[in-house]
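Here the structure is laid out as structure tokens; the discussion comes afterwards.
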Amino acid sequence: MRYSIASLVANALTGNRNWKPVWREPEPKPAYDVVIVGGGGHGLATAHYLAKEHGITNVAVIDKSYLGSGNVGRNTTIVRSNYLLPENEPFYEWSMKLWEGLEQDLNYNTMVSQRGVLNVFHSDGQRDAFVRRGNAMLLHGADAQLLDREQVRTLVPFIDFDNARFPVRGGLLQPRGGTVRHDAVIWGYARSADTLGVDIIQNCAATGFRIENGRILGVETERGFIGAKTVALSVAGSSGRVAQMAGLRLPVESHALQAFVTEGIKPLLDTVITFGAGHFYCSQSDKGGLVFGGDIEGYNSYAQRGNLPAVEDVAEGGMALMPAIGRLRILRSWAGLLDMSMDGSPIMDHTPVEGLYFNGGWCYGGFKATPAAGWCFAHLIATGQPHPHATAYRFDRFGTGRVIDEKGVGAQPNLH
Amino acid sequence: MRITCPYCGERALDEFTYRGDATVKRPDSLDENTAEAWVDYVYLRDNPAGPHKELWHHGAGCHAWLEVTRDTVTHEILDVAFARKGC
Ligand SMILES: Cc1cc2nc3c(=O)[nH]c(=O)nc-3n(C[C@H](O)[C@H](O)[C@H](O)COP(=O)(O)OP(=O)(O)OC[C@H]3O[C@@H](n4cnc5c(N)ncnc54)[C@H](O)[C@@H]3O)c2cc1C
Ligand SMILES: [Zn+2]
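In the order they appear, the protein sequences are chains V and S. Using the working numbering, the first residue of the first sequence is number 1, and each one after it goes up by one. Using the working numbering, the first residue of the second sequence is number 417, and each one after it goes up by one.
Here is the structure:
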């Protein structure tokens, strides 16, 4: 059913008893043209664009759990295209453009809110770095504004401008950045892919791959073998575990990242704000809670939970930037499993197994990438060629030295 | 998570810094034939779900490098030894 004002009124008048489930629950068929392993944001966006842009609809998306159980339902929902390096910025700006048209494309309210992303800075050196970043963004057609201290004050008057160690000197603002309702993104892509003929199969973990003479023949799953000449992996924090079943070793470590939400309060923060002297980022949800997070845990982990040192660090960052947050109680905290790549940038490529494709290494920043990752991964799968915006995301960059290290810290995932 | 340092005893996690997988082997030559071994050493990881041998530095304690065996699924610490053998 197409959602419209007419469908809304008609259903309201009939007591909202006639809404249909948003996607089917099909049994897996014996074989498909393409099987996508991982029904997170990236897997479902890939299915949507494969069907819609390339006409490939004999597709299954399998997930080991329910839709939205992974990072797509656990992130802090920030979207932005404020990258520095030329391998990254065009890709993320393309993602931003897709976010801007997503609700029309999906006929689904994903609550794209371009409330701005404000990165405050605290020193002259940091301002110079942000000027450089802002210029790189402008060169790639994104938007960026350098704000002085007083301009920052008009946006967020309550932050600690005169903190003794980290006084606020100004900020870099991307007005088109903001937040997107993460659950709606997954449901919107799932509904669209399903409508276009894609089978979405939940509670169906991939347990192995059938590979003969270097070629993929299909996926072993909890619900039996599913044949496919093309298999696309998009399992985020489980990348290492799943790739291992195909005999691959990846330049990836799995790490946990926590996030937090406070009790709901009246409107306080109408932009996304990030602290420049530590790792802390915060926005206010539509229900009124402040949603925030900071650094990853910093050690390999497949546990979807973190430890107290990271909580303390996030709380200290929050208190240094916006002391008012100290009056609020935290309602909930949780963690997700990140696929931290060795240079902090993603991988989207063929693998040595013919017909097996890989998308991963999105670290803590793959939610904003969801539309473009789906778009470019679908392009790679359908045409065999990398999309022009994703040509740098190759496996062989680690061997050739063409790594994409935004932070310039080297092959150490917990520093990215 | 707490780590029991062989010198200092049981200490809080924030006294330690994590380096990563302790099983990767540094090739001993810069010879061209070792290029692949270097890529393997610097970038590729087994990243297991389960017991993992890893290096931690006790920076806020005795400054020793430790080889810790820890379960990445439960965070349980299974073993702690000095990274340098024969200490
Ligand atoms: C706390 C937190 C905050 C974050 N904040 C942001 C943010 O503000 N902005 C941003 O851009 N990014 C953010 N991220 C990162 C972002 O959420 C991820 O990079 C992105 O969601 C990963 O892609 P995905 O949605 O496809 O992953 P997921 O939703 O994790 O999808 C992977 C799927 O694979 C499935 N799977 C795993 N193994 C198997 C198997 N064997 N068989 C079948 N299926 C399998 C899983 O069940 C899961 O559903 C954050 C992440 C976390 C954890
Ligand atoms: Zn010690």
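No residue lacks a Cβ here, since even glycine has one placed at the ideal position from N, Cα and C. As the structure is a computational prediction, the values presented were derived from the model and not from experiment.
Within 10 angstroms of the Cβ of Thr383/V, are there 16 or more other Cβ atoms? Answer buried if so, exposed if not.
exposed
Looking at Thr221/V and Thr207/V, is the spacing between their C-beta atoms short of 9 Å?
yes
Considering only heavy atoms of ligand 2, does any lie closer than 8 Å to the CB of Ala480/S?
yes
CA-CA distance, Met348/V and Asn88/V?
13 Å
Do you know how far the Cα of Arg17/V is from the Cα of His389/V?
45 Å
When you compare only the Cα positions, how much space is there between Asp63/V and His42/V?
12 Å
Just checking: is the beta-carbon of Tyr424/V within a distance shorter than 9 Å of some beta-carbon in chain S?
The question about residue 424/V has no answer, for chain V in this structure spans 1 to 416.
Exposure of Pro21/V, with buried meaning 16 or more beta-carbon neighbours within 10 Å:
exposed
Selected residue, minimal CA-CA separation from Phe432/S, among Val458/S, Val455/S, Gly477/S, Asp495/S:
Per the Cα distances, Gly477/S.
Under 7 Å Cβ to Cβ from Thr179/V, same chain only, skipping five residues before and after it: list those, please.
Thr77, Ile78, Val79, Ser113, Arg115, Val272, Ser283
Quick check: the Cα distance between Phe377/V and Lys368/V, rounded to an integer number of angstroms?
15 Å
Which residues in chain S have a C-beta closer than 9 Å to the C-beta of Gly240/V? List them in chain order.
The answer, in chain order, is Arg461, Asp462, Asn463, Pro464, Ala465.
So the beta strand (DSSP E) Tyr135/V belongs to, where does it begin and stop?
Reading off the sequence shown, one finds Asn at residue 135/V, where the question assumed Tyr. From DSSP, Asn135/V is part of no beta strand (DSSP E) but of the alpha helix (DSSP H) over 124–139.
Are the beta-carbon atoms belonging to Val198/V and His48/V less than 9 Å from one another?
yes
Could you tell me which chain S residues have their CB closer than 7 Å to the CB of Asn359/V, listed as they occur along the chain?
Neighbours of Asn359/V on chain S: none; closest Cβ ~17 Å, over 7 Å.
Compare the C-beta of Pro28/V with all C-beta atoms of chain S and state if any pair is closer than 9 Å.
no
Which term fits His416/V, buried or exposed, when burial requires 16 or more other beta carbons within 10 angstroms of its beta carbon?
buried
Sort Leu321/V, Ala320/V, Gly294/V by Cα distance to Pro309/V and report the nearest one.
Gly294/V
Across which residues does DSSP place Trp481/S in a beta bridge pair?
His473/S
When the Cα atoms are used, what is the spatial distance from Asn414/V to Arg133/V?
22 Å
Evaluate contact between the segment 484–492 of chain S and the segment 444–460 of chain S, counting only Cβ atoms and requiring at least three cross-stretch pairs below 8 Å.
Short answer: they don't touch.
8 Å Cβ cut-off: residues of chain S touching Leu250/V:
Leu460, Arg461, Asn463
Near Leu456/V, what residues of its chain come up, given a Cβ to Cβ distance below 8 Å and the 5 sequence neighbours on each side ignored?
It is not possible to answer for residue 456/V, since the shown part of chain V is limited to 1 through 416.
Between the Cα of Tyr189/V and those of Lys266/V, Arg176/V, Gly39/V, spot the shortest distance and give me the residue it belongs to.
Nearest of Lys266/V, Arg176/V, Gly39/V to Tyr189/V, Cα basis: Gly39/V.
Gly125/V and Leu147/V - do their beta-carbons sit closer together than 9 Å?
no
May I have the straight-line CA-CA distance separating Ala335/V from Ala136/V, to the nearest angstrom?
Within the model, the alpha-carbon separation for Ala335/V versus Ala136/V is close to 32 Å.
Could you name the residues of the same chain whose beta carbon sits closer than 8 Å to that of Pro464/S, not counting the 5 residues immediately before and after it, in chain order?
Excluding residues within five positions, the ones whose Cβ falls inside 8 Å are Thr488.
Whether or not the segment 400–414 of chain V and the segment 327–343 of chain V are in contact is what I'm after, with contact meaning three or more pairs of Cβ atoms, one per stretch, closer than 8 Å; do they touch?
Touching, yes, given that three or more Cβ pairs across the two stretches are closer than 8 Å.
Contact set between Thr490/S and chain V, taken where Cβ atoms lie within less than 7 Å:
Ala303
6 Å CB neighbourhood of Ile325/V in its chain, flanking five on each side removed
These residues qualify, in order along the chain: Gly318.
With 9 Å as the threshold, decide whether the Cβ of Ser69/V is near any Cβ in chain S.
no
Any residues in the segment 372–398 of chain V with a beta carbon nearer than 7 Å to a beta carbon of chain S? Which ones, in chain order?
Phe398
If you draw a straight line from the alpha carbon of Lys287/V to that of Cys424/S, how long is it in whole angstroms?
Each residue's Cα considered, the two are about 47 Å apart.
Which one or two residues does DSSP pair with Cys421/S in a beta bridge?
Here Cys421/S is bridged, per DSSP, to Gly425/S.
Could one say the Cβ of Leu308/V lies closer than 9 Å to chain S's Cβ atoms, at least one of them?
yes
Which whole runs of the beta strand (DSSP E) in the segment 53–137 of chain V are 3 residues long or more, in chain order?
Taking only runs of at least 3 residues, the beta strand (DSSP E) segments lying wholly in the segment 53–137 of chain V are 59–62, 117–121.
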